[in-house]
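Trainee:
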Amino acid sequence: MSTEDGPAGDGPLDDGPTDDGRWLVVNGRRWRRTDPSLPEDVVAALKSHLGRGRSGVRTAKKAGDEAAVAAARRRTGLAKHGLGERGPKWWDEPEPARLARALAALHDLDAL
Numbered sequence: 000m001s002t003e004d005g006p007a008g009d010g011p012l013d014d015g016p017t018d019d020g021r022w023l024v025v026n027g028r029r030w031r032r033t034d035p036s037l038p039e040d041v042v043a044a045l046k047s048h049l050g051r052g053r054s055g056v057r058t059a060k061k062a063g064d065e066a067a068v069a070a071a072r073r074r075t076g077l078a079k080h081g082l083g084e085r086g087p088k089w090w091d092e093p094e095p096a097r098l099a100r101a102l103a104a105l106h107d108l109d110a111l
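Residue numbers (numbering that gives the first Met the number 0): 0 to 111.
Right under this line is the structure:
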């Protein structure tokens with residue numbers, strides 16, 4: 000999601016977290032933040048998978064291996080869904096559902 004103007008349309012958004020804590024703004028573009036209700040160990044494990052997925056995309060692209068790119072993107076997508084950065088907005092879901100989503104993503108990632 001991106002936006003050029005702040006909530007009131009009064010100019011560009013400043014870099015950093017928004018006042019409501021749901022978004023991080025980088026160069027005027029909004030990015031959904033990680034669900035703050037998730038336990039630190041779950042976030043750390045999901046971010047580890049996210050880093051491996053991103054690294055895998057880079058490596059596979061350099062090698063021209065489209066199947067490996069797709070597999071690495073799947074890992075990245077699962078991690079981002081688990082963190083609440085993609086999929087349903089975490090602030091619209093009850094905390095137990097958010098934790099269940101994160102743990103399911105982690106289970107799927109650990110099985111890869």
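Glycine residues also receive a C-beta, built at the ideal position from the N, C-alpha and C atoms. These numbers were taken from a predicted model, which means no experiment stands behind them.
1) Specify whether the region 33-50 and the region 88-102 touch according to this definition: at least 3 beta carbon pairs, one from each stretch, less than 8 Å apart.
2) Check for me: the beta strand (DSSP E) holding Arg28 runs from which residue to which?
3) Who are the near neighbours of Gly8 in its chain, counting only those whose CB is closer than 6 Å to its CB and skipping five residues on each side?
4) How is Pro95 classed by DSSP in three states: helix, strand or coil?
5) Residue range of the beta strand (DSSP E) that Leu23 falls in?
6) Check whether the region 42-56 and the region 75-89 are in contact - that is, three or more C-beta pairs closer than 8 Å.
7) With DSSP run on the structure shown, which of helix, strand or coil describes Gly83?
8) In chain order, what residues of the same chain have a beta carbon less than 7 Å from the beta carbon of Leu56, not counting five sequence neighbours either side?
9) Measuring straight from C-alpha to C-alpha, what distance separates Leu98 and Arg29?
10) Please classify Gly63: does DSSP put it in a helix, a strand, or coil?
Mentor: Inspection of the coordinates gives the following:
1) In the pairwise beta carbon analysis, the region 33-50 is classified as touching the region 88-102: at least three pairs are separated by under 8 Å.
2) Start and end: 28-31.
3) Below a pLDDT of 50, predicted positions are generally treated as unreliable, and Gly8, at 46, falls in that range; the measurement from the model is reported next regardless. Within the same chain, Gly8 has no close Cβ partners at all.
4) Helix.
5) Note, Leu23: beta strand (DSSP E), 22-25.
6) Between the region 42-56 and the region 75-89, the count of C-beta pairs closer than 8 Å reaches three or more; the two stretches touch.
7) Coil at Gly83, not helix or strand.
8) Note that residue 56 corresponds to Val in the displayed sequence, not to Leu. Counting only Cβ-Cβ distances below 7 Å, and skipping sequence neighbours, we find Val68, Ala71, Arg72, Thr75.
9) If I take the Cα positions, the gap works out to 24 Å.
10) It is coil, neither helix nor strand.
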